[in-house]
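Participant: Numbers given in my numbering equal positions in the sequence shown, counted from 1, plus 22.
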Amino acid sequence: MVRQRFLIPSCGGSNPPTPAIKVGNLMLFFYRFRILSYALANIKNLIVRAFLLGIYAYACGAILLFLSGDSDISLGSIKHILYYLYKYMKFCYYNWNNLSYGLVIRLIVALLLPYFIYKTLASIKWKYFLRRLIIRIIAVIRKKREDTLKENQPKKGAQNDYQDKVNAIKNILMHDIEKTIDKRLYDIFIAKRKPEYKDFSKNTE
């Protein structure tokens, strides 16, 4: 509680005592204190709003720059775009009665278009949209893989058939070669060892 110090009235007058601290100054102090406490409690929201306001001002300046056809200022210079927006708004404020329809239309478009873009982006359900987008991308990738596998399967089947035919021919040739070798070995080592039978019937006669 704030203590108030009263002045002692003079003996000759009947004026009531006046406080040393005025009520207006005290109320102003309380208002400032409340504003400061609100700012400290909502500093995060204030920073976000200030950031969004800066983006909105930059978008308005960029649209005005694009509609005006002024190519002297690049879009990458944020400071110059904001200063261009400030000069444009100042000129419109002091010359409102003398503005042409083109300037008014450009100003309205520059002020409303970023707002509608923001509302459109804010109305999108980003979680659902991103989930559907990811599912769509995965489905496209899977379909491409399946198509690639289907295209490669006939090639693999033809290669397998060709390999089977080659293996069958190899087996036939190996079997024929083995038979030929066995026959040759038989003729060399076994057929020569058999005794020769002479025909004695001619001599007996």
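Every residue, glycine too, gets a C-beta built ideally from N, C-alpha and C.
Expressed to the nearest angstrom, what Euclidean distance is found between the alpha-carbon atoms of F151 and K187?
Facilitator: Translated into the one-based positions of the sequence shown, residue 151 becomes position 129. Translated into the one-based positions of the sequence shown, residue 187 becomes position 165. Taking the straight line joining both Cα atoms gives about 54 Å.
Participant: Quick check on the burial criterion: 16 or more other C-beta atoms within 10 angstroms. Buried or exposed for A61?
Facilitator: Here the question's residue 61 lines up with position 39 in the sequence shown. Classification for A61: exposed.
Participant: When we look at the beta-carbon of L58 and count the other beta-carbons within 10 Å, is it buried (16 or more) or exposed?
Facilitator: Locating residue 58 in the sequence shown gives position 36, counting from the first residue. Exposed, since its Cβ has fewer than 16 Cβ neighbours within 10 Å.
Participant: How big is the Cα-Cα spacing for N225 and N193?
Facilitator: Position 203 of the sequence shown, counted from the start, is the residue given in the question as residue 225. Position 171 of the sequence shown, counted from the start, is the residue given in the question as residue 193. In this prediction, N225 has a pLDDT of 47, which is less than 50 and means its spatial position is unreliable; nothing more can be read from the coordinates.
Participant: Do R128 and L89 have their C-beta atoms within less than 9 Å of each other?
Facilitator: One-based indexing of the sequence shown puts residue 128 at position 106. One-based indexing of the sequence shown puts residue 89 at position 67. Yes, these two residues count as a Cβ contact at 9 Å.
Participant: Suppose you measure from the CA of L135 to the CA of I85; what does that come to, to the nearest Å?
Facilitator: The residue labelled residue 135 in the question sits at position 113 within the sequence shown. The residue labelled residue 85 in the question sits at position 63 within the sequence shown. So the two alpha carbons sit approximately 9 Å from each other.
Participant: Just the Cα atoms here: how many angstroms apart are G124 and K101?
Facilitator: Here the question's residue 124 lines up with position 102 in the sequence shown. Here the question's residue 101 lines up with position 79 in the sequence shown. Cα to Cα, G124 sits roughly 25 Å from K101.
Participant: Using beta-carbon positions only, say whether A81 and I139 come within less than 9 Å of one another.
Facilitator: Position 59 of the sequence shown, counting from 1, holds the residue named residue 81. Position 117 of the sequence shown, counting from 1, holds the residue named residue 139. Result yes, Cβ atoms of A81 and I139 sit closer than 9 Å.
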